[in-house]
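Below you'll find the structure, written out as structure tokens, and then a few comments.
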Amino acid sequence: MLPLFPPTLPGEGPRVLMMAPTRELAQQISIYCKQFVAGLRRQTGDPNPGGTLTKTSYSTLLVCGGVPKKDLLTEIEKGVDVVVATPGRLLHLSGEETLSLDQVAYLVVDEADRFMQGSLEDELRKVCEYRFITHRH
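This is the structure in structure tokens:
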């Protein structure tokens, strides 16, 4: 589905949000996601004769505890296509409006059954309360 999206512009939020209940699982997903999107290319620019056509790869960002916030902010400012996140760090960044979720078209919840236990359920509900989930059909 990624090739159907227009390029992510600097400062824009992701098109795909993948959530995992633990940092370790998010790290594993991020590794595989980066390998997958490395094979995809998108074309940007003007494809007409004389126009500039640039091929760039999709970007994936791991958003979880243990990843320095400064590094996250640098990547977010560049624009990111796919975010793999744990709910705590995701809520922190989106709550302070550092990471916009307005462009998210797909939400993937890995191990959804674990999210329905304890405080993880509350965090997942908070993420789903954002406009990108509640206002899409």
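Residue 1 is where the sequence shown starts when you use the UniProt record's numbering, and the numbers rise one by one after that. Idealized CB from N, CA, C, for every residue including glycine.
Cα atoms of L62 and V83: separation of roughly 6 Å, rounded to the nearest angstrom. Across the set E75, D110, V80, E77, the C-alpha of D110 shows the shortest separation from the C-alpha of P87.
Taking C-beta separations shorter than 8 Å and ignoring five residues to either side along the sequence, the partners of L9 in its chain run G79, following chain order. The count of Cβ pairs closer than 8 Å, one atom from the region 13–24 and one from the region 90–110, reaches three, so the stretches are in contact.
A Cβ-Cβ distance of about 6 Å is found for the pair M19 and A85, placing them in contact under the 8 Å criterion. Excluding the 5 residues flanking it on each side, E121 has same chain C-beta neighbours closer than 8 Å at F115, in chain order.
When the alpha-carbon of S59 is set against those of D71, V37, A112, the nearest one is in V37. Per DSSP, T86 lies in no alpha helix (DSSP H) and is assigned neither H nor E.
Taken in chain order, the complete beta strand (DSSP E) segments of 3 or more residues contained in the region 84–129 are 106–109. In the DSSP annotation of this structure, the continuous segment of the beta strand (DSSP E) that includes T60 starts and ends at 60–63. DSSP places L40 outside any alpha helix (DSSP H), giving it a letter other than H or E.
The C-alpha of K126 lies about 33 Å from the C-alpha of G39.
C128 sits away from R89, with the two beta carbons spaced by 8 Å or more.
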